[in-house]
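Notes follow once the structure below has been shown.
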Amino acid sequence: MADADTQREAVLTAIDRVADRLEDERSYLTELDSAIGDADHGSNLSRGFRAAADEVADSDDDVGEIVKTIGVTLISKVGGASGPLYGGSIMSASQELDDGLTADTSIAFAEAYLQKVLDRGDARVGAKTMVDALTPAVHSYKKSIEVDDLPPLTAFAKAVEAAEAGVAFTVPLRAEKGRASFLGWRSVGHQDPGATSTLFIMEELLATAEQYLEGETDVDAAAPTEPEADPDEIDGGDA
Amino acid sequence: MIGLVVVSHSQKAAEGICEIAAQMGGKAPIEPAGGDDGEIGTDTTTIKNAIESADDGQGVVVLVDLGSAVMNAELAIEMGDTQAVIADAPVLEGALNAAVEATNDAATMDSVVEKAEDAREYHKVN
């Protein structure tokens, strides 16, 4: 991918977009969590990700270190189960980005993140948790790149689609983990808040990847010719 | 002496369980780590600080209530430098057993964990 400065800029853009999105979705996530949890998912996540974005905003560290700082900040600011699940897993997986952000390291990061969530939460697919969105997304992403040889951006778009399907899959399931499991059959028919916030985060990562990778593709594809009139391409080029 | 930490979603519950346990195991250092910023919940930093306070060099056994208490306690142990383990036990009965065992001069981390975990077998109505 791009040089270290561009990678840093992309990661900072991504965390800022995620923080904005979770602020926008705070009421919705809280509403989902009121049905089957303790009604704090929206406020905990939006507070934590905003604090994480602020913490790294002026950083000139490399991406691995920035992502680690994001994880550590989430651990201290999010609380509940989401602190260790999001923050602890990001912190732990961040070492995969120590050599920078490439297609290969992004797969390694995604796999390490998923594994840490599985270990920490002791959950499996079908337990009505974030694992139901995360697992198909990570599997799809890895397969798209390593087997189908698709560009990372296309692979990420397919991963987001897989996460969407995973979120829908949580609705009819009975919860086996977390506060929702205490509700037993009453948890059936409700969408899992953790799977939903995982999807929102991935959508913002995709939007950031589009901003940076489409620009890169355009620059690569178009030889140094006359500027295009298409505003999308100009935006991409600016990124 | 082995230290103890009681992690609960409720600060009051954590403090209350420590009071009950301390009545029987007065000498053992026992620290509550309850709530998240005054709200119901659990918090890694609160637990990490409690583990450090309870440790006099011989290690700490951690009693936990539900769900996120386990995850935050695991993370607090991983991020800290103190030797600490979670007992797989009911939080109140386990804390009481652990406090009694910890006051024995011969107590070890293993023996405290074992006594705490004995509480899994308790029946209250026969």
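Chains as they are written, first to last, in this note's numbering: chain A, 1 to 239; chain B, 240 to 365. Note that CB positions come from ideal geometry on N, CA and C, so glycine has one too. Predicted model only: the values in this text are computed from it and were never measured.
**OP:** Kindly indicate if chain B contains any beta-carbon less than 9 Å away from that of S76 of chain A.
**Re:** yes
Original post:
With a cut-off of 9 Å, does the C-beta of P84 of chain A fall near any C-beta of chain B?
Top reply: yes
Original post:
Where does the unbroken beta strand (DSSP E) through E270 of chain B begin, and where does it stop?
Top reply: 269-273
Original post:
So, helix, strand or coil for E317 of chain B, using DSSP?
Top reply: helix
Subject >> Whole-Å CB distance - G264 of chain B paired with A341 of chain B, under 8 Å assumed >> reply: 6 Å
**OP:** Examine chain A for any beta-carbon lying closer than 9 Å to the beta-carbon of L331 of chain B, and answer yes or no.
**Re:** no
**OP:** Would you verify that the beta carbon of R318 of chain A is, or is not, closer than 9 Å to some beta carbon of chain B?
**Re:** The requested residue 318 of chain A does not occur in the structure, where chain A is confined to residues 1 to 239.
Original post:
Excluding five sequence neighbours on each side, which residues of the same chain lie with their C-beta closer than 6 Å to the C-beta of A175 of chain A?
Top reply: K128, S181, S187
**OP:** Can you grab the Cα-Cα spacing for the pair D61 of chain A / T102 of chain A, in whole Å?
**Re:** 17 Å
Subject >> Endpoints, beta strand (DSSP E) assigned at G242 of chain B >> reply: 242-247
**OP:** Determine the burial state of Q262 of chain B: buried for a count of at least 16 other Cβ atoms within 10 Å of its Cβ, exposed for fewer.
**Re:** exposed
**OP:** Starting from L314 of chain B, find everything on chain A with Cβ-Cβ shorter than 7 Å and list it in chain order.
**Re:** I75, P84, G88
**OP:** Evaluate the contact criterion for the stretch 73-87 of chain A versus the stretch 288-296 of chain B: three or more CB pairs, one atom per stretch, below 8 Å.
**Re:** no
**OP:** Return the residue from the list A:E96, A:D38, A:D5, A:A35 that minimises the CA-CA distance to D58 of chain A.
**Re:** A:D5
Original post:
How many angstroms separate the CA atom of T321 of chain B from the CA atom of I75 of chain A?
Top reply: 19 Å
Original post:
Does the Cβ-Cβ distance between V167 of chain A and D149 of chain A come in under 9 Å?
Top reply: no
Subject >> R359 of chain B versus B:L243, B:M318, B:E254, B:A334, residue with shortest Cα-Cα distance >> reply: B:A334
Subject >> chain A within 9 Å of D276 of chain B, Cβ atoms only >> reply: yes
Original post:
Curious, which full-length beta strand (DSSP E) runs of at least 3 residues does the stretch 157-217 of chain A contain?
Top reply: none
Subject >> DSSP bridge partner residues for V300 of chain B (one or two, in chain order) >> reply: B:L243, B:V324
Subject >> Pairwise C-alpha distance: Y361 of chain B and S269 of chain A >> reply: Because chain A spans 1 through 239 in this model, residue 269 of chain A falls outside it and cannot be assessed.
Subject >> Amino acids of chain A, ordered along the chain, whose beta-carbon sits closer than 9 Å to that of S307 of chain B >> reply: G79, G80, A81, S82, G83, P84, L85, G178, R179
Original post:
Is there at least one Cβ from chain A nearer than 9 Å to C319 of chain B's Cβ?
Top reply: For clarity, residue 319 of chain B is Gly in the given sequence; the question names Cys instead. No, G319 of chain B does not count as interfacial toward chain A.
Original post:
Name the DSSP bridge partner or partners of E332 of chain B?
Top reply: E332 of chain B pairs with nothing; no bridge assigned.
Subject >> Inter-residue CB distance, D40 of chain A and D33 of chain A (contact presumed, cutoff 8 Å) >> reply: 7 Å
Original post:
In whole angstroms, what is the alpha-carbon distance linking R21 of chain A and M202 of chain A?
Top reply: 11 Å
Original post:
Are the C-beta of D40 of chain A and some C-beta of chain B separated by less than 9 Å?
Top reply: yes
Subject >> C-alpha gap between Y28 of chain A and G42 of chain A, whole angstroms >> reply: 7 Å
**OP:** May I have the straight-line CA-CA distance separating A323 of chain B from D344 of chain B, to the nearest angstrom?
**Re:** 19 Å
**OP:** Spatial neighbours of N336 of chain B within its chain, please: CB distance less than 8 Å, with the 5 preceding and 5 following residues excluded, ordered by chain position.
**Re:** A328, K354, A355, D357, A358
Original post:
For E25 of chain A, which of helix, strand or coil comes out of DSSP?
Top reply: coil
Original post:
Candidates A:A81, A:F49, A:G80: which alpha carbon is nearest T69 of chain A's?
Top reply: A:F49
Original post:
Skipping 5 residues on each side, what residues in its chain have a beta carbon closer than 6 Å to that of A159 of chain A?
Top reply: A137, S140, Y141
Subject >> Interface residues of chain A facing D327 of chain B [CB-CB closer than 8 Å] >> reply: In chain order: nothing, as chain A lies at least about 12 Å away.
Subject >> Cβ distance (whole Å) where A312 of chain B is taken to contact V303 of chain B below 8 Å >> reply: 5 Å
Original post:
In terms of DSSP beta bridges, what is E278 of chain B paired with?
Top reply: B:D275
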